[in-house]
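Encoded as structure tokens, the structure appears first; notes follow it.
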Amino acid sequence: MPTPLIQALQSWIAHNHAPFYTPGHKHGRGMGVEFQELWQTGGLKGDLAELPGLDNLANPSGPIAAAQNLAAQTFGADHTHFLVNGSTAGVIAGILATCGPGDRILLPRNIHKSVIAGLIHSGAVPIYMQPEYIPALDIAHSVTPQTVELALQLHPAISAVLIVSPTYYGVSGDIAGIAAVVHQFQIPLLVDEAHGAHFGFHPDLPPSALSLGADLVVQSTHKLLGAMTQAAMLHVKGDRIDLDRLNRSLQLVQSSSPNYLLMASLDSATAQMATHGKELLDRTLALADKARSELSNIPDLFPLDFSQPSAGCRYFDPTRLTVTVTDFNLTGYQADEILCQQYQVVAEMPVLRHLTFIISIGNQEWDIEMLVAGFQNLAKHHRRATRLNLPVCEQIAVLSTPILTPREAFFARQVTVPIDTAVGRICAELICPYPPGIPMLVPGELVTREAIDYLQNILSSGGEIVGNADPELESLRVVDR
């Protein structure tokens, strides 16, 4: 009997390539010594259940509790929870812990789709803010403290504020300023810091959201550090989060049979950063500097640099490398396919204009050499003759007003209609390009022509969208009313 998934994994394992994607350990090279020894000596024998002495994630009092306490000390939290269902579980639990049905939560429009899942679970009402936006690059940054303050003044009875920091492009906003504003209104600040688990461990990296005043922070430890995929952490600091309600919320969204190898990898990642974090990041930052410097010497290739503070951009993560390829007259999807198939360089995220590469503690010198050589060959052999005409992401540039809450639309009676007749109707699907997973269409919002055109352009350019029942996007599920 064939085993298609196993065969696909074996193919990638055998494929010699330079990895610039998650997880951060990059094929195990960046894993902590303790976990590598566990894996080598125990292997699948470590895939155990809640046996005597192994503790219980739902109500820890033994080694899991001890590991979580060490993680809290290492990452600067008062309380830390291990997540075995990824940052998605942490984001949903954070919303459930602070918002109930009908409660308002303040959000930027460039949130991850897991936030919308949290709104559907909780019944909370989203109040969207406009993130700072660069139309020429089609990139959204963070919201500003001024935007948050104005929104809180215009919309009373907000229960919580949630922001994304850093963005997929490595940009963090003025979290300290936002926290000061939010706390004036006596409400908690939640931060989706999925891409910032390494922050705070090196002076040349942005400070962590916890150190800047956030009350609840979710980090994808697996994305940047030495943890297995799906292993993440939720950190709490201060007294604005109801810990009992948070614990009960986590039990709703976490597996009742957590994988001990995932939790062990979180324990190992904690020890690794506590003992060797700066040393590992010294090397990682040097690799990132080398890549950015050498790519800058290739004509018409532009690595983005947001190191100069601007509106919505207070800090920039130099280990996040984003390269604009439109002057090659290639889309990011086309460049990604060429780099992967012909030059064995695999990016984290292709979008219409850019390619984003994650340089982490698992990368090595030869990865950077392959990356630079790949782009040199791309510039020499694959430049297109025709000028690209690419749209901007209007859904981020212009906010839409929800007609229904995501929960109301999700549970409403629905009907599938041809895509052209869906414009002007209430969307019932959560559709987003993936990565980065920022929703283009959200349940409860009106479907716009601009959103449909943008999504169809992504599909025709070789990109991927998720959440749509019709993979060709020739039809759309809308609320039947």
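Counting the sequence shown from 1 gives a position; our numbering is that position plus 15.
Glycine included, C-beta positions come from ideal geometry on N, C-alpha and C.
Judged by their CB atoms, residue 174 and residue 221 are not nearer to each other than the 8 Å cut-off.
Distance from the CA of residue 92 to the CA of residue 252, rounded to the nearest whole angstrom, comes to 5 Å. When DSSP reads this structure, residue 95 sits in a beta bridge with 250. In this structure, residue 112 and residue 261 form a Cβ contact; the two beta carbons are roughly 4 Å apart against a cut-off of 8 Å. With fewer than 16 other Cβ atoms inside 10 Å of its own Cβ, residue 395 counts as exposed. For residue 102, the uninterrupted alpha helix (DSSP H) run begins and ends at 101-113, by DSSP. Around the beta carbon of residue 21, fewer than 16 other beta carbons sit within 10 angstroms, so the residue counts as exposed. Judged by DSSP secondary structure, residue 371 falls within the beta strand (DSSP E) whose first and last residues are 369-373.
Taking the C-beta atoms as reference points, residue 99 is found no nearer than 8 Å to residue 229. Following the DSSP letters along the chain, one finds residue 308 inside the alpha helix (DSSP H) bounded by residues 275-311. Between residue 206 and residue 195, the C-beta gap is not smaller than 8 Å, which leaves the two residues out of contact. In the three-state reduction of the DSSP assignment, residue 263 falls in the helix class, which pools H, G and I. Within the model, the alpha-carbon separation for residue 385 versus residue 152 is close to 26 Å. Around the beta carbon of residue 286, 16 or more other beta carbons lie within 10 angstroms, which makes this residue buried. Rounded to the nearest whole angstrom, the C-alpha separation of residue 278 and residue 69 is 11 Å.
Take the alpha-carbon of residue 234 and the one of residue 90: they are about 10 Å apart. Remark: C-beta atoms of residue 383 and residue 302 approach each other more closely than 8 Å.
The beta-carbon separation of residue 474 and residue 491, rounded to 13 Å, does not stay under the 8 Å limit for a contact. In this structure, the CA atom of residue 354 is about 8 Å from the CA atom of residue 390. For residue 110, the number of other beta carbons within 10 angstroms of its own is at least 16, and it is reported as buried. Between the C-alpha atoms of residue 259 and residue 108 there is a straight-line separation of about 12 Å. Per DSSP, reduced to three states, the secondary structure at residue 219 is coil, with no helix or strand assignment. DSSP, reduced to helix, strand and coil, places residue 28 within a helical segment of the structure shown.
Taken in chain order, the complete alpha helix (DSSP H) segments of 4 or more residues contained in the segment 409-472 are 409-412, 421-426 and 434-437.
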